[in-house]
Ligand SMILES: Cc1cc2nc3c(=O)[nH]c(=O)nc-3n(C[C@H](O)[C@H](O)[C@H](O)COP(=O)(O)OP(=O)(O)OC[C@H]3O[C@@H](n4cnc5c(N)ncnc54)[C@H](O)[C@@H]3O)c2cc1C
Ligand SMILES: Cc1cc2nc3c(=O)[nH]c(=O)nc-3n(C[C@H](O)[C@H](O)[C@H](O)COP(=O)(O)OP(=O)(O)OC[C@H]3O[C@@H](n4cnc5c(N)ncnc54)[C@H](O)[C@@H]3O)c2cc1C
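Residue numbers (full-length UniProt numbering), protein chains in the order written: chain W, 1 to 378; chain A, 1 to 378.
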């Protein structure tokens, strides 16, 4: 196929660009994907022994308040009415997360009205704490007791760093909900794709004008297409420029998948372990994402322990570290990206900016409207 | 209007019969309603000071797994994605209800896997207890500690009777969920009518062939219509027969509505108080049923305390007591009802059988199919 548009990366960003350009603009789109599967980090697959859908790159929860993204997503899949909820184990007890009135009443061992809980936390927030550190900022947001119970250990493990040595900017907010509502997300729409993520992603790619080339790294092309055909690049920004401005820092995750010979391992989709003595940050149990699936086995379940660390060479980049140094490096790459003719940088890796799926889809739709469609209209 | 069919009672049962007979069979239907409003016990109205929708006869949650009922209901209203959840205050602490893994871990002060919790409760259930009493039966279902914490006081208040003196038949099951799922209902469909219950009920009644006569007691008609026009009677069964076989026992509820000058009183729609020292059984806070309603005030809220007792003369009958004596009385009334020509008995009061809204609608649809339509087809 002769490409009118080349897309590097088949995550939600790349696939949305490809699908819209094929369907609306009638373009032939070639999508290069380095991995042996499409879909980027949203990819999922049945665990072979149990058939339980496992999100290979960590739990993926779809939620959005963006009407346009919701309508767009519903062209390719329907959604269950799954609503995400998370528990946390602290000092041998278990609490609902994010911190809500139930967590507070339970942690402090007393029934409180919303007003009483607000007053308690306000008094605890008043403690004088160093505003430059993550610890100080967290205490000013939720007070020391809740910070120490629910945030300190988890953050330390996520960042392999004592929160007193982490910059305050890492957290902008720590939501505390003064009701017993334990929903994790506040968005208007939420759900899981009924037939799984991969079916959704495959339906997006299923268009006669779209060709997906798996196992094809953009940088392995014989000769650079740049200048000959418009390129949308969703791989790592620093790699595009041969790391010329230095490396951007990422955190990565290690996942340990295990089949357990019990019908239900932990009774919840995700349990957090803030305790520093526990090496993992959380355990996912995938069957709980699809209680409606009758074919899941009654006698075994799939869990996945998640470990967090700084990414090294060869690791999958997951979350931007976004240190002060990173931000300076990023500014230099942004300048070069702007000056790069014929290439549009997009997505989580291409902009060094964590994007949820709905945000990746939304920003891809905008890129098609504002940057790509004009190239092909005369 | 000349009636082809007379319906006594405008609850969900009566309105469903009226609407289907008018729409499908083209009948003129007159609905007599004793009260000054339509809708039966599902009626709701805005509290005048705050505009917050109050369910006058207690919290009404719509949920069903019946496809036909769900489709039928959606002809008249759309539903929010509200999911009911309830908390309980026990010994100054607060727990999610119905009893689930979170309740168990929290009450026993330890993180447990589903398997560990099952083993614990199984050991506690093994206690030897009198199977003839409610207490004995409850212990055999969930063990003494959970029974005493969550069931004993609540049941005693509901029935004004020590559970050791209540018959075991009152409870057939006490669900315990060994996951952290805190949903109150298990049904496929759940939600609250977007514009409120009364708007839904009024849309059902809004048909040129339906005439609703408020403030009209069936027994105040100048002359009995029975024999001249088919009658669907949804009032109390014993009253129809002039209490000739004795009175059927009912429990009733007293409600105490209060506007509170706070944005949020308890952080949850319903909080149960099993504690025998607290006179009410639960507190409802209606704003939590419609978090999506932007017009609700930010500085005040409406709560309703609920008290339970046996109904006396003149009280609203709410829940059938269903004692052994009641069941014998009921059998005699059933015989007489069968022999009463031209009258069909239906609904919660007319059959002395508690019916949720979806069950009332479902059984009304069946009555139209099987009992009423044949009368008018030749
Ligand atoms: C651990 C984790 C958990 C997440 N959980 C959620 C969640 O719960 N909810 C949610 O909404 N979102 C979640 N996300 C975000 C989601 O996975 C995507 O990252 C997001 O949708 C952005 O999509 P993308 O297309 O920009 O990036 P990606 O999904 O990362 O896709 C980029 C693709 O580009 C490919 N690529 C890179 N370099 C090259 C190259 N040189 N040549 C060819 N191909 C290349 C990669 O192999 C990859 O397939 C999560 C992300 C991570 C990392
Ligand atoms: C306290 C309480 C809480 C409830 N909560 C829920 C809930 O959360 N979810 C749920 O699905 N359902 C709930 N229900 C059930 C619901 O309110 C209805 O009872 C149910 O839908 C049955 O409807 P119905 O039409 O048979 O009875 P009703 O709704 O009771 O209607 C009967 C009507 O007949 C009228 N009537 C009686 N006698 C005469 C007469 N002689 N002449 C004229 N009119 C007469 C009455 O005034 C009344 O309006 C609850 C019921 C009660 C009592």
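Glycine included, C-beta positions come from ideal geometry on N, C-alpha and C.
Can you check DSSP and say which residues form a bridge with residue i?
i                      : result
residue 95 of chain W  : W:88
residue 272 of chain A : A:88 and A:282
residue 258 of chain W : W:303
residue 32 of chain A  : A:8 and A:213
residue 191 of chain W : W:62
residue 100 of chain W : W:177
Under 8 Å Cβ to Cβ from residue i, same chain only, skipping five residues before and after it: list those, please.
i                      : result
residue 99 of chain W  : 142, 146, 150, 174, 175, 176 and 177
residue 395 of chain A : Nothing about residue 395 of chain A can be read from this structure; chain A reaches only from 1 to 378.
residue 90 of chain A  : 107, 149, 150, 274 and 275
residue 77 of chain A  : 193, 194, 195, 199, 200 and 203
residue 311 of chain W : 249, 250, 251, 252, 317 and 318
residue 158 of chain A : 251, 281 and 308
residue 224 of chain W : none
Rounded to the nearest angstrom, what separates residue i and residue j at their Cα positions?
i                      : j                      : result
residue 11 of chain A  : residue 39 of chain A  : 4 Å
residue 74 of chain A  : residue 367 of chain A : 20 Å
residue 79 of chain A  : residue 192 of chain W : 20 Å
residue 129 of chain A : residue 297 of chain W : 36 Å
residue 27 of chain A  : residue 18 of chain A  : 9 Å
residue 214 of chain W : residue 234 of chain W : 15 Å
residue 346 of chain W : residue 51 of chain W  : 34 Å
residue 239 of chain W : residue 96 of chain W  : 40 Å
residue 81 of chain W  : residue 13 of chain A  : 29 Å
residue 318 of chain A : residue 251 of chain A : 6 Å
residue 35 of chain W  : residue 293 of chain W : 29 Å
residue 344 of chain W : residue 169 of chain W : 29 Å
residue 370 of chain A : residue 29 of chain A  : 18 Å
residue 212 of chain A : residue 331 of chain A : 32 Å
residue 380 of chain W : residue 304 of chain W : As displayed, chain W neither begins before 1 nor continues past 378, which places residue 380 of chain W out of reach and without an answer.
residue 264 of chain A : residue 57 of chain W  : 40 Å
residue 258 of chain A : residue 116 of chain A : 43 Å
residue 210 of chain A : residue 364 of chain A : 16 Å
residue 383 of chain W : residue 32 of chain W  : The shown model of chain W, from 1 to 378, leaves out residue 383 of chain W, and the question about it has no answer.
residue 279 of chain W : residue 104 of chain W : 26 Å
residue 354 of chain A : residue 348 of chain A : 5 Å
residue 154 of chain W : residue 283 of chain W : 13 Å
residue 246 of chain A : residue 329 of chain A : 7 Å
residue 372 of chain A : residue 122 of chain A : 50 Å
residue 109 of chain W : residue 360 of chain A : 42 Å
residue 237 of chain W : residue 220 of chain W : 16 Å
residue 335 of chain A : residue 241 of chain A : 11 Å
Between the Cα of residue i and those of the options, spot the shortest distance and give me the residue it belongs to.
i                      : options                       : result
residue 290 of chain W : W:283, W:54 and W:348         : W:54
residue 268 of chain A : W:247, W:179 and W:285        : W:179
residue 376 of chain A : A:21, A:286, A:214 and A:77   : A:21
residue 87 of chain W  : W:19, W:219, W:266 and W:262  : W:266
residue 46 of chain A  : A:168, A:329, A:228 and A:197 : A:197
residue 172 of chain W : W:184, W:109 and W:132        : W:132
residue 185 of chain W : W:309, W:358 and W:279        : W:358
residue 140 of chain A : A:343, A:125, A:97 and A:313  : A:125
residue 138 of chain W : W:157, W:114, W:163 and W:123 : W:163
residue 374 of chain W : W:24, W:316, W:303 and W:315  : W:24
residue 3 of chain A   : A:302, A:103 and A:208        : A:208
residue 362 of chain A : A:72, A:167 and A:295         : A:72
residue 391 of chain A : A:158, A:152 and A:134        : Nothing in the structure corresponds to residue 391 of chain A, since chain A is present only between 1 and 378.
residue 102 of chain A : A:181, A:69 and A:127         : A:181
What does a CB cutoff of less than 7 Å around residue i pick up in its chain, not counting 5 residues either side in sequence?
i                      : result
residue 188 of chain W : 65
residue 83 of chain W  : 183 and 190
residue 156 of chain W : 162, 163 and 276
residue 342 of chain A : 226, 227, 230 and 231
residue 253 of chain W : 58, 306, 307, 308 and 318
Nearer than 6 Å: is that true of the beta carbon of residue i relative to any heavy atom of ligand 3?
i                      : result
residue 357 of chain A : The model depicted lacks ligand 3 and carries ligand 1 and ligand 2 instead.
Tell me which residues share the same chain as residue i and place their Cβ nearer than 6 Å to its Cβ, disregarding the 5 neighbours each side in the sequence.
i                      : result
residue 261 of chain A : 300
Every unbroken alpha helix (DSSP H) within the region 117-189 of chain W, with a cutoff of 4 residues, ordered by chain: 134-142 and 153-159
Segments assigned beta strand (DSSP E), at least 3 residues, entirely inside the region 206-254 of chain A: 210-214 and 231-233
Please specify which runs of the beta strand (DSSP E), each continuous and at least 3 residues long, are wholly inside the region 306-356 of chain A, giving them in chain order. 343-345
Go through the region 28-78 of chain W residue by residue and report every complete run of the beta strand (DSSP E) that reaches 3 residues or more, in order. If only complete runs of 3 or more residues are kept, the region 28-78 of chain W shows the beta strand (DSSP E) at 29-33, 44-46, 53-55 and 62-64, in order along the chain.
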